[in-house]
Amino acid sequence: MLRPEPLEDPQNKKNTSGTCGLGCCGCRAALPEQQKIPYATPSSVDTAGNSYEAGQANPSHIENSSYRLTGLSCADCAAKLHHKLGELPGIISVQLNFGTAALEVRHTCPAGDIVKVVKKSGYGIEAAGQVKPVGLKGLFYQQSVILTAISGLLLGTALALSLLGIEGPVLPSLYTASILTGGYKAARSGLYALKSFSLDINFLVIVAAAGAVAIGEWSEGATVVFLFSLGNMLQDYTMEKSRNSIRALMSLAPKEAMVKRRGFTISAPIDEILPGDILLVRPGERIAMDGNVLSGCSEVDQSPVTGESLPVAKEPGDKVYAGTVNGRGFMEITVTRTSRDNTLARIISLVEEAQAQRAPSQHFVEAFARIYTPLVIAAAALTGSLPSLVFGQPFAPWFERALILLVISCPCALVISTPVSIVAAISSAARKGVLIKGGAYLEEAGSLKVVAFDKTGTLTTGRPEIKEIFTAPGYTREKLVGIAAAIESCSEHPLAQAIMRLAKERGFDIPQCSAFRSHPGQGATAEIGGVTYLAGNHRLFQGLEIPPLLAQNLYELEEEGKTPVIIGTDSEVIGILAAAESLRDNAANTVKELRQAGIERIVMLTGDNPGAAASAASSLSVDEVHAGLLPEDKLQVVNSLMTQYGKLAMVGDGINDAPSLAAATVGIAMGPTGTDTALETADIALMAGELARIPYIIRLGRSTINIIRQNIAFSVLVKAIFIALTFAGITNLWMAVFADTGAALLVILNGMRLLQADQNKFRSSVA
Numbered sequence: 001m002l003r004p005e006p007l008e009d010p011q012n013k014k015n016t017s018g019t020c021g022l023g024c025c026g027c028r029a030a031l032p033e034q035q036k037i038p039y040a041t042p043s044s045v046d047t048a049g050n051s052y053e054a055g056q057a058n059p060s061h062i063e064n065s066s067y068r069l070t071g072l073s074c075a076d077c078a079a080k081l082h083h084k085l086g087e088l089p090g091i092i093s094v095q096l097n098f099g100t101a102a103l104e105v106r107h108t109c110p111a112g113d114i115v116k117v118v119k120k121s122g123y124g125i126e127a128a129g130q131v132k133p134v135g136l137k138g139l140f141y142q143q144s145v146i147l148t149a150i151s152g153l154l155l156g157t158a159l160a161l162s163l164l165g166i167e168g169p170v171l172p173s174l175y176t177a178s179i180l181t182g183g184y185k186a187a188r189s190g191l192y193a194l195k196s197f198s199l200d201i202n203f204l205v206i207v208a209a210a211g212a213v214a215i216g217e218w219s220e221g222a223t224v225v226f227l228f229s230l231g232n233m234l235q236d237y238t239m240e241k242s243r244n245s246i247r248a249l250m251s252l253a254p255k256e257a258m259v260k261r262r263g264f265t266i267s268a269p270i271d272e273i274l275p276g277d278i279l280l281v282r283p284g285e286r287i288a289m290d291g292n293v294l295s296g297c298s299e300v301d302q303s304p305v306t307g308e309s310l311p312v313a314k315e316p317g318d319k320v321y322a323g324t325v326n327g328r329g330f331m332e333i334t335v336t337r338t339s340r341d342n343t344l345a346r347i348i349s350l351v352e353e354a355q356a357q358r359a360p361s362q363h364f365v366e367a368f369a370r371i372y373t374p375l376v377i378a379a380a381a382l383t384g385s386l387p388s389l390v391f392g393q394p395f396a397p398w399f400e401r402a403l404i405l406l407v408i409s410c411p412c413a414l415v416i417s418t419p420v421s422i423v424a425a426i427s428s429a430a431r432k433g434v435l436i437k438g439g440a441y442l443e444e445a446g447s448l449k450v451v452a453f454d455k456t457g458t459l460t461t462g463r464p465e466i467k468e469i470f471t472a473p474g475y476t477r478e479k480l481v482g483i484a485a486a487i488e489s490c491s492e493h494p495l496a497q498a499i500m501r502l503a504k505e506r507g508f509d510i511p512q513c514s515a516f517r518s519h520p521g522q523g524a525t526a527e528i529g530g531v532t533y534l535a536g537n538h539r540l541f542q543g544l545e546i547p548p549l550l551a552q553n554l555y556e557l558e559e560e561g562k563t564p565v566i567i568g569t570d571s572e573v574i575g576i577l578a579a580a581e582s583l584r585d586n587a588a589n590t591v592k593e594l595r596q597a598g599i600e601r602i603v604m605l606t607g608d609n610p611g612a613a614a615s616a617a618s619s620l621s622v623d624e625v626h627a628g629l630l631p632e633d634k635l636q637v638v639n640s641l642m643t644q645y646g647k648l649a650m651v652g653d654g655i656n657d658a659p660s661l662a663a664a665t666v667g668i669a670m671g672p673t674g675t676d677t678a679l680e681t682a683d684i685a686l687m688a689g690e691l692a693r694i695p696y697i698i699r700l701g702r703s704t705i706n707i708i709r710q711n712i713a714f715s716v717l718v719k720a721i722f723i724a725l726t727f728a729g730i731t732n733l734w735m736a737v738f739a740d741t742g743a744a745l746l747v748i749l750n751g752m753r754l755l756q757a758d759q760n761k762f763r764s765s766v767a
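Residue numbering for the sequence shown follows the UniProt record's numbering, starting at 1 and increasing by one per position.
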């Protein structure tokens, strides 16, 4: 992450690469006029996302600024702020993510202009990276909280005096003081919204309070303002608590670390530490950078990054990650990545981008909100005018009903229902080492019917061992293994690593090779001493006759479920290496939990031979086995399964899985144990490679869908009931405010349950 410049510096220049969107009702920023933006070319609107591009400006004049907002608890209000910023002269593009309160702006105007608009709208703003988690203690020192407390005290005093029968000018004075203190922030924001021709909830509440005072309902006007202010305060706190989960990730890495340079040990900011530097990590310290252990041994708590419950032993050559905690040993670490490119930064970036993406359920919310608010405001206008003008009804009661409709016209609870749930769920998953790359994948995970697993490295340990060696006449075991190791020395395939381990453990000579070539799904070839050698499965040797004895060995190995690696040249087969691997300890339990989570069909896909596949499948009780598959075959099977059964998750860890991961409804990669290709292709990444996370993902997805549905149904029901009660003359203004802010607060709290979703069951499944 890049370090932001001070807010008030008009020359604030910063490069960022994150993408985010407005996770609320999806209002789009209006096109600014071209003359507002110096050096701009024609404008365009990105209607697919939640940002806009106002045109391409001269790159030498463009600045990129990143901020975090505070007090942003209303998604509809966030949409209006997004619109206001878009109309500011000199703005190139705006990206506002309600879920994380992150603001990214490309601009040619001074940064101070952006800050001014945000503050006038009633929100706090800090440079990205400077916002600290908000605790309950810190909340009491905020201006809005102090004003709300004073407003409540004045209102309580006035109500008490009224109950005691005390009349006179003192009561209106107390009510007025209560309205002014409690409504200060709302009035300021509401007036600014009015100037921008945008009616937000602040303006509507102030109009309602003023209307109540105008018809002599002083106590009701003051109560409306106080309850609204109190509700906003509680919403701010609960939303900030939800956002603190991602901010906690940002604070995992220390700001400085001890580095050995030119024989001296110095403390250096992590932004200045480069790959190749030697990091010194004392017992109990948090590791600041990604790297490899150079010297020393210890155990490292990797739970903040991977979610692993137990410390992991580290020795020279092992990888360590930024944000993890060293145990009792002292280690020297060779830094491999900068602070902007390490594992922790990558996790934070993925989580923020994921939280910014709109989930499918938001389309309904957006469509409903676009219709609901204008209709209710129109109904309020008609309610306040028609009965008295046309039917001769008394003005005051119908005017009050119109004010009530104005208050409940803002769809705050509805538009917040989806993003708050998605943010909480993705944050919860990230703390457990599960990176979900968007709300869409989370919702899809909750509606899966089929889970397909790759076998090697996914259901199995991914660490096969060479169990048997068979040679053709004229070849020794040492020579055969040496040739095989030479061919596989350039490959990262688990079978290649098993052959290399065997050669090194037995001290066999490994000749030099050249012209290495990988054949996905078949094996590899290389030149040794001018001769082309092959190592792979039977598909690589099609058309080549295998000696009868070796052919018999090959048949028996496949029947036993072992994986044969055939070694030969263009003209002959010279031997076979037999490999076997074990199932992961929790593979069988994972399959069992998937069935309990509602998965209807579990399938195994593998390029391995049918015997090895059948042996593993019988131990796991999977429903289908497809063996001997090439990458394109796996893709075909995945497409066929989705056509037959519906939504499918593909779980894999290798390059052969990449096409299938991309084609599946949800692609799940096994994290550090897998390849970069698989991780980039997948929709969900398991940082610790723990199979037990997969049932957790399914349960989390189902819980998220249920909570979103609960929130939407509750929000719509509350609005419908209050509209009906308003026309029946049963409600009043303070009840409307209480219902509106209370509904939003309950929706937030309900969504925040996902921060602890399934935690106990998850822990038991990985124990």
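Note that the Cβ used here is the ideal one computed from N, Cα and C, for glycine as well. All values reported here derive from a predicted model rather than from experimental measurement.
Inset, instruction - Buried or exposed for G152, please, with buried defined as at least 16 other CB atoms from any protein chain shown within 10 angstroms of its CB. - result: Around the beta carbon of G152, 16 or more other beta carbons lie within 10 angstroms, which makes this residue buried.
Legend entry - Sequence-distant residues of the same chain with beta carbon closer than 7 Å to S387, five excluded per side: According to the sequence provided, residue 387 is Pro. The question's Ser does not apply to it. If the five residues before and after P387 are omitted, its C-beta is found closer than 7 Å to the C-beta atoms of Q393 and W398, all from its own chain and listed in chain order.
Legend entry - Enclosing beta strand (DSSP E) for R595 [first to last residue]: From DSSP, R595 is part of no beta strand (DSSP E) but of the alpha helix (DSSP H) over A587 to Q596.
Legend entry - Nearest to T181 (by Cα), restricted to the options I206, E624 and T100: For T181, the nearest C-alpha among the options comes from I206.
Inset, instruction - Go through its chain and collect everything with a Cβ distance to Y192's Cβ below 7 Å, but skip five positions before and after it. - result: Excluding sequence neighbours, Y192 sits near K120 and S121.
Legend entry - Inter-stretch contact at 8 Å, needing at least 3 Cβ pairs: the region 263-275 / the region 296-305: Contact fails: fewer than three Cβ-Cβ distances are below 8 Å.
Legend entry - Integer Cβ distance of T334 from L294, believed to fall under 8 Å: With a Cβ gap of about 5 Å, T334 and L294 count as contacting.
Legend entry - Burial state of I266 (16 or more Cβ within 10 Å): Answer is exposed; the Cβ neighbour count stays below 16.
Inset, instruction - Go through its chain and collect everything with a Cβ distance to E478's Cβ below 8 Å, but skip five positions before and after it. - result: Cβ within range, chain order: R506, F508 and D509.
Legend entry - Beta-bridge partners of residue 768, as assigned by DSSP: In the structure as shown, the chain starts at 1 and stops at 767, and residue 768 therefore has no counterpart that could be examined.
Legend entry - Sequence-distant residues of its chain with Cβ nearer than 6 Å to G646 (five each side left out): Answer for G646: K449, listed in chain order.
Legend entry - Under the three-state DSSP convention, the category R262 falls into: Assigned with DSSP and collapsed to three states, R262 falls in coil, not helix or strand.
Inset, instruction - Have a look at D629 and E285 and give me their C-alpha separation to the nearest angstrom. - result: Before going further, note that residue 629 is Leu rather than Asp in the sequence given. Computed Cα separation, rounded: 47 Å.
Legend entry - Whole runs of the alpha helix (DSSP H) within the region 408-490, excluding any shorter than 4 residues: As far as the region 408-490 is concerned, its whole alpha helix (DSSP H) runs of at least 4 residues are 412-431, 439-445 and 477-488.
Inset, instruction - Answer with buried or exposed for G231, where buried requires no fewer than 16 other C-beta atoms within 10 angstroms of its C-beta. - result: Flag for G231 reads buried.
Legend entry - Start and end residues, beta strand (DSSP E) containing M331: Per DSSP, M331 belongs to the beta strand (DSSP E) from M331 to V335.
Legend entry - Given 8 Å, three or more beta-carbon pairs between the region 404-418 and the region 83-93: With fewer than three CB-CB distances shorter than 8 Å, the region 404-418 does not count as touching the region 83-93.
Inset, instruction - Compute the minimum distance between the beta carbon of F516 and the heavy atoms of the ligand ZN, and state whether it is under 8 Å. - result: By its list of ligands, the structure shown contains no ligand whatsoever, and the ligand ZN lies outside what it can speak to.
Inset, instruction - Assuming T532 and T569 form a contact by the criterion Cβ under 8 Å, report the distance between their Cβ atoms to the nearest whole angstrom. - result: Cβ-Cβ separation between T532 and T569: approximately 6 Å, consistent with a contact (criterion under 8 Å).
Legend entry - Cβ-Cβ distance between I708 and S514 below 9 Å: Contact: no.
Legend entry - the region 710-724 in contact with the region 608-619 per 3-pair CB rule at 8 Å: Not touching, per the Cβ criterion.
Legend entry - Alpha-carbon spacing of D113 relative to H107, whole angstroms: Straight across, the Cα-Cα distance linking D113 with H107 is about 10 Å.
Inset, instruction - Tell me whether the beta-carbon of P695 lies closer than 9 Å to the beta-carbon of T590. - result: Pairing P695 with T590 gives a Cβ-Cβ distance under 9 Å.
Inset, instruction - Mind checking who L554 pairs with in its DSSP beta bridge? - result: L554 is not bridged to any residue.
Inset, instruction - Check whether the Cβ atoms of L686 and A663 sit closer than 9 Å, and answer yes or no. - result: Contact: no.
Inset, instruction - Use the C-beta contact count for D401: other C-beta atoms within 10 angstroms, 16 or more gives buried, fewer gives exposed. - result: Residue identity differs from the one stated: residue 401 is Arg in this sequence, not Asp. With 16 or more Cβ atoms within 10 Å of its Cβ, R401 is classed as buried.
Legend entry - Completely contained alpha helix (DSSP H) runs for the region 189-227, where each covers 4 or more residues: Taking only runs of at least 4 residues, the alpha helix (DSSP H) segments lying wholly in the region 189-227 are 201-214.
Inset, instruction - Answer yes or no: do G211 and L85 have a C-beta to C-beta separation smaller than 9 Å? - result: No, Cβ-Cβ distance for G211 and L85 is not below 9 Å.
Inset, instruction - Mind reading off the beta-carbon distance from L72 to A101? Whole number of angstroms is fine, and I expect it under 8 Å. - result: That pair is a contact at about 5 Å.
Inset, instruction - Buried or exposed for T704, please, with buried defined as at least 16 other CB atoms from any protein chain shown within 10 angstroms of its CB. - result: Looking at its Cβ environment, which holds 16 or more other Cβ atoms inside 10 Å, T704 is buried.
Inset, instruction - Could you work out which residue in L252, V281 and A253 is closest to V259 when comparing CA atoms only? - result: Put simply, of L252, V281 and A253 the residue whose alpha carbon is nearest the alpha carbon of V259 is V281.
Inset, instruction - Could you tell me the distance, in whole angstroms, from the CA atom of E690 to the CA atom of P473? - result: Going by the C-alpha atoms only, they are around 44 Å apart.
Legend entry - Beta-carbon gap between A698 and A597 smaller than 9 Å: Here the sequence assigns Ile to residue 698, which means Ala is not the residue at that position. It is a contact, given that the beta carbons lie within the stated cut-off.
Inset, instruction - Measure the C-alpha to C-alpha separation of A649 and E572 and round it to an integer number of angstroms. - result: Whole-angstrom Cα-Cα distance: 42 Å.
Inset, instruction - Please determine, among L605, G438, K432 and P419, the residue with the shortest C-alpha to C-alpha distance to A79. - result: Across the set L605, G438, K432 and P419, the C-alpha of P419 shows the shortest separation from the C-alpha of A79.
Inset, instruction - Could you tell me whether any Cβ in chain B is nearer than 9 Å to the Cβ of L85? - result: Considering every chain present, this structure includes no chain B. It has just one protein chain.
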